[in-house]
Amino acid sequence: MPAHTESPTGTLTLQTISMPADTNPFGDIFGGWVMAQMDIAGAIHANEVAKGRVTTVAVGSMSFIRPVPVGAIISCYTSTRRIGNTSIRVWVEVWIKDFLTQKISLVTEGEYIYVALDEQGHKRPVRLGNG
Ligand SMILES: CC(C)(COP(=O)(O)OP(=O)(O)OC[C@H]1O[C@@H](n2cnc3c(N)ncnc32)[C@H](O)[C@@H]1OP(=O)(O)O)[C@@H](O)C(=O)NCCC(=O)NCCS
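The numbering of the sequence shown is the UniProt record's numbering, which starts it at 1 and goes up by one.
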């Protein structure tokens with residue numbers, strides 16, 4: 001796992017804003033919602049690597065470092081960790097930006113693993129491209 005850095009690792013793949021509907025009973029953003037954004041970002045990244053359909057096969061190490069407030073700008077950064085035969089390991093970092101100070105901070109990071117699929121939905125070698 002990369003050491004926590006002062007700046008994001010990887011490519012900005014997805015941005016959104018945390019909304020009141022996504023909170024837990026204590027008013028912070030629900031971890032499952034954050035994981036869903038990370039999975040979407042990781043899938044976009046893996047789709048570009050595989051040049052075709054992918055599916056999530058596993059989630060590796062996950063760290064929830066800081067709570068996410070409502071109304072934060074959420075940025076998911078992705079980078080390829082390893083390309084296997086049919087799988088792609090994607091490192092996903094979630095950073096939030098404070099509206100007032102513009103300061104960014106790392107809130108969550110984790111590894112998402114995808115498998116490349118052909119048009120019939122069967123696993124296929126990543127490097128073959130679509131189908
Ligand atoms: C993804 C899927 C097609 C893989 O089929 P499979 O026959 O189980 O595949 P394998 O066991 O050969 O694994 C395929 C690759 O994934 C990797 N993999 C599988 N399970 C893994 C795990 N738990 N952790 C890390 N890697 C894993 C394997 O190492 C292999 O990588 P490689 O080809 O690069 O060496 C099948 O498991 C599936 O359809 N799962 C459901 C996916 C899904 O619905 N995702 C959305 C969840 S809501």
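Where is the CB? At the ideal position from N, CA and C, for every residue including glycine.
query: Simplified DSSP state of Ala41, which is helix, strand or coil; result: helix
query: Own chain, CB closer than 6 Å to Gln15, minus 5 neighbours either side, in chain order; result: Ser75
query: Simplified DSSP state of Arg89, which is helix, strand or coil; result: strand
query: For Leu100, three-class secondary structure by DSSP; result: coil
query: Thr11 CB to nearest heavy atom of ligand 1 below 7 Å; result: no
query: Beta-carbon proximity check, Leu117 vs Thr55, cutoff 8 Å; result: yes
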